[in-house]
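Those protein sequence lines, which keep their order, are chains A and B.
Numbering of the first sequence is given in numbering that gives the first Met the number 0, commencing with residue 0 and proceeding in unit increments.
Numbering of the second sequence is given in numbering that gives the first Met the number 0, commencing with residue 0 and proceeding in unit increments.
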Amino acid sequence: MSRGSSMMTVNVSKEQVWNIVKSVNDPELPYLSIFDLGLIAEIRFERHPIVRIMPTYSGCPAKFVIEQALYQAFDDAGIVDVKIESVRSPVWSTDLISQKGRDLLKANGIAPPSANSSSILPTSCPRCNSERTRELSRFGSTLCKSLWQCDDCNEPFEKFKCY
Amino acid sequence: MSSAECSQNFFLVNLGDDCLIAAQRLSEWCGKAPTTELDIALINLSIDLFGQADEFYSLFSESSSQFKSADMLAFERDASEFTNCLLVEQPNGDFGRTICKTAIFTTWYCEVLTLLQESRHVTISSIATKFRKEILYHKEFSLHWLDCLGNGTGESRDRIKQGFSWCYRFVEELRIRLDFSDITAKKWTECIDRFECELAKIFAYADFDSETIAQNLHGGRDGAHSEHLTHLLSEMQALHRAHPNVAW
């Protein structure tokens with residue numbers, strides 16, 4: 000459905016809007032919702048809902064994809080009078096990832112971020128839980144992840160970097 | 000920040016230019032770095048800096064009557080209109096020189112962001128906080144490699160010394176105060192003092208003695224660039240200039 004083709008915007012409840020927002024997943028972590036990733040700064044309910052999102056890394060190409068995905072989700076629900084805004088303040092942090100989000104990262108083979116960004120803290124292997132792991136490279140396949148290896152099960156794995 | 004204030008704040012373009020040109024130079028390493036991990040790392044640095052340039056430019060363009068978008072600032076200006084520091088436009092040279100250049104720029108930029116974090120403008124302090132999170136990884140990366148190469152073999156140490164020798168001429172320019180109401184002369188001096196202190200530490204990785212380097216070059220902030228920038232821009236802007244209003 001293209002935007003603007005629908006005249007269905009009537010009586011949208013706050014709960015509906017939140018549910019739509021929560022249904023949108025990150026394009027690079029498709030099992031994780033942008034809500035659990037902590038990207039939603041707020042939703043304002045003025046004449047129309049305004050969803051304000053905090054971008055992750057400045058150069059992350061997912062930023063535009065996420066905005067498009069949100070518009071698409073609202074379109075699919077027949078809601079066209081909605082605005083998606085990217086905000087500069089507050090600043091997103093990995094501390095905003097929910098416990099559910101951290102569990103989902105681990106379940107999908109990505110070690111969740113540790114609390115301190117500047118030091119290489121020991122990270123348990125998301126596959127075998129061994130603490131005998133080491134960082135191979137601080138930079139990985141996406142801006143938000145570093146590359147690690149487990150010395151017990153030998154599997155390489157990614158870790159979500161602190162931000 | 001009000002529109003009027005923003006348009007006076009040309010430092011956004013200064014920093015945007017620094018980030019964009021540094022990013023474009025780093026992107027030249029794509030497919031050519033010593034190892035796959037380094038290739039990926041350098042490109043990660045590059046992408047962060049492209050993103051930051053975009054943000055600086057966007058913020059400026061929101062209140063500019065001349066430049067309506069980040070793309071106009073990036074692709075529709077000639078070399079003499081760019082205000083980046085001369086350091087970032089210099090050719091990469093070998094991996095050692097790239098590490099020296101990245102370490103010096105990143106160390107300076109990190110201190111500038113620390114200063115901007117104190118800005119009374121929420122937008123400025125927020126983006127500075129955000130960018131600093133990213134730049135700290137860059138600093139860590141370049142210092143790690145300075146340590147590896149500076150304390151590696153005689154050859155790797157020589158390469159770092161040569162890298163610093165090449166870059167040092169452009170350090171003087173980094174001391175020029177950025178024009179922003181929140182940056183008082185006193186605060187700027189303190190910022191540069193912290194930078195000098197950090198710089199001495201990174202030079203120590205290879206026992207580099209800056210006393211021997213006499214010539215200090217500047218002019219980048221006023222649009223007086225080396226020939227290298229023209230070549231960089233002609234490649235970076237080619238597509239946009241060939242198809243001025245093309246959209247993805």
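Glycine is no exception: its CB is placed at the ideal position from the N, C-alpha and C atoms.
These numbers were taken from a predicted model, which means no experiment stands behind them.
Query                                                                                                                         : Result
Entirely enclosed alpha helix (DSSP H) segments - the segment 71–127 of chain B, minimum 4 residues                           : 85–88 and 94–115
For residue 82/A, three-class secondary structure by DSSP                                                                     : strand
Three-state secondary structure assigned by DSSP to residue 145/B                                                             : helix
Span separating the alpha-carbon of residue 119/B from that of residue 105/A                                                  : 39 Å
Chain-ordered chain D contacts of residue 88/A [CB-CB under 7 Å]                                                              : Given the protein chain composition of this structure (A and B), no chain D is represented.
Extent of the continuous beta strand (DSSP E) run through residue 144/A                                                       : 144–149
Nearest-angstrom Cα separation, counted from residue 51/B out to residue 44/B                                                 : 11 Å
Partners in chain A for residue 40/B, counting only beta-carbon separations shorter than 8 Å                                  : 136, 137 and 138
Chain B contact for residue 117/A (CB, 8 Å cutoff)                                                                            : Since pLDDT at residue 117/A reaches only 48, below the 50 mark, its modelled position is unreliable, and the value read off the structure follows with that caveat. Yes, residue 117/A lies at the interface with chain B (some Cβ there is under 8 Å from its Cβ).
Start-to-end residues for the alpha helix (DSSP H) that takes in residue 11/B                                                 : 10–26
Contact residues within the segment 19–50 of chain B, judged by C-beta distance below 7 Å to chain A                          : 36, 39, 40, 43, 46, 47, 49 and 50
Short CB-CB distance (under 8 Å) between residue 57/A and chain B                                                             : yes
Proximal chain B residues relative to residue 142/A, where beta-carbon distance stays under 7 Å                               : 43, 46 and 47
Spatial neighbours of residue 49/B in its chain, beta-carbon cut-off 6 Å, leaving aside the 5 residues before and after       : 22
Three-state class that DSSP yields for residue 117/A in the structure shown                                                   : In this prediction, residue 117/A scores a pLDDT of 48, lower than 50, which makes its location untrustworthy; no coordinate-derived value is stated.
8 Å Cβ cutoff met for residue 154/B and residue 47/B                                                                          : no
The segment 28–42 of chain A touching the segment 86–100 of chain A, judged by at least three CB pairs closer than 8 Å        : yes
Member of 54/B, 91/B and 14/B whose CA lies at the smallest distance from the CA of residue 27/B                              : 91/B
For residue 24/A: DSSP bridge partner residues                                                                                : 32/A
DSSP beta-bridge partners of residue 44/A                                                                                     : 48/A
Short CB-CB distance (under 8 Å) between residue 162/A and chain B                                                            : yes
9 Å Cβ cut-off: residues of chain A touching residue 74/B                                                                     : By Cβ distance, chain A contributes nothing, its closest Cβ being about 17 Å from residue 74/B, past 9 Å.
Whole beta strand (DSSP E) elements within the segment 183–223 of chain B, 3-residue minimum                                  : none
Per-residue DSSP class, three states only, for residue 158/A                                                                  : strand
Touching by the beta-carbon criterion (3+ pairs, under 8 Å), the segment 125–143 of chain B and the segment 92–107 of chain B : yes
Whole-Å CB distance - residue 190/B paired with residue 111/B, under 8 Å assumed                                              : 7 Å
Identity of the residues DSSP links to residue 39/A by a beta bridge                                                          : 52/A
Cβ neighbour criterion (16 or more within 10 Å) applied to residue 117/B                                                      : exposed
Sufficient close CB pairs (3 or more, under 8 Å) joining the segment 156–176 of chain B to the segment 122–132 of chain B     : no
Per-residue DSSP class, three states only, for residue 175/B                                                                  : coil
Span of the beta strand (DSSP E), counted from its first residue to its last, around residue 135/A                            : 132–136
Residue 96/A in three-state terms, based on DSSP                                                                              : coil
Any C-beta of chain A under 8 Å from that of residue 200/B                                                                    : no
Below-8 Å beta-carbon distance, residue 56/B vs any chain A residue                                                           : no
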